[in-house]
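Enquirer:
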Amino acid sequence: MPETEFSIGLSVYDGLQAVQKAPIDVALEALSELGYKNLTKADLERLHPPDDFEEELEVMADVRAYFQVSYKRIIDNVPMTIQHTLNRALAQAMQNCLVAELHLGTSDASERLEKLLVEDPGIEAKRMELEKKRARLLEIQVKLINFHLPV
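Okay, here's the thing in structure tokens:
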């Protein structure tokens, strides 16, 4: 008798399980029994007719993608334009100030610039001394390279 109760309980459970299956699962099982194996939910979705507004949706998606790219370009270009404008204004102001303060528009401008570019006498003497030391060290290096001990 216990065997009968177990088998009855199992068949009732199987009936509940069949009732709880989703209609898509039932359809896939039915198609599988008919010989259409390895079908998925995505395969069944292709049986639906195309949406009436499919072309319109694609155009909307393309327009949205275009505007996303274009507003990012604007976000990048606005600060660069501001920076370029400020840099150009600063460079122009600096040039005007230098021309005015150095009196570059006068007849003696080249003489004044030569005086500004003259090296300080102390620095010039130090540079000459260091150049002599360098030349002497190079001479010694050449002599050491060519030096051979008699064997």
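When we follow our numbering, the leftmost residue of the sequence shown carries the number 1, and every step to the right adds one.
For each residue, glycine too, the CB sits at the ideal point set by N, CA and C.
Measure how close the beta-carbons of Ile24 and Lys37 come, nearest whole angstrom, since I'm counting them as under 8 angstroms.
Expert: Not a contact, Cβ separation roughly 16 angstroms.
Enquirer: Alpha carbon to alpha carbon, what distance is there between Gln95 and Asp62?
Expert: Taking the straight line joining both Cα atoms gives about 49 angstroms.
Enquirer: Which residues in the same chain have their Cβ closer than 6 angstroms to the Cβ of Ser107, if we skip the five residues on either side of it in sequence?
Expert: So the list is empty, once near-sequence residues are dropped.
Enquirer: Does Leu174 pass the burial test, meaning 16 or more other C-beta atoms within 10 Å, or should it be called exposed?
Expert: Outside the displayed range of the chain (1 to 151) lies residue 174, so it cannot be described from this structure.
Enquirer: Is the Cβ-Cβ distance between Leu39 and Leu47 less than 7 angstroms?
Expert: No, Cβ-Cβ distance for Leu39 and Leu47 is not below 7 angstroms.
Enquirer: At the level of alpha carbons, what is the spacing between Ala93 and Leu104?
Expert: Cα to Cα, Ala93 sits roughly 15 angstroms from Leu104.
Enquirer: In angstroms with no decimal places, state the Cα-to-Cα distance between Glu111 and Asp120.
Expert: Cα to Cα, the separation comes out at about 17 angstroms.
Enquirer: Mind listing, in chain order, the continuous beta strand (DSSP E) runs of no fewer than 3 residues lying wholly within the stretch 85 to 113?
Expert: Taking only runs of at least 3 residues, no beta strand (DSSP E) segment lies wholly in the stretch 85 to 113.
Enquirer: I think Asp51 touches Leu57, with their Cβ atoms under 8 angstroms apart; what is that distance to the nearest whole Å?
Expert: Their Cβ separation, rounded to whole angstroms, is 7 angstroms, which keeps Asp51 and Leu57 in contact under 8 angstroms.
Enquirer: What number of angstroms, rounded off, separates the C-alpha of Val78 from the C-alpha of Leu86?
Expert: When rounded, the distance between both Cα atoms is 12 angstroms.
Enquirer: Hey, which unbroken runs of the alpha helix (DSSP H) at 4 residues or more fall wholly within the stretch 13 to 87?
Expert: Correct list: 23 to 33 and 41 to 45.
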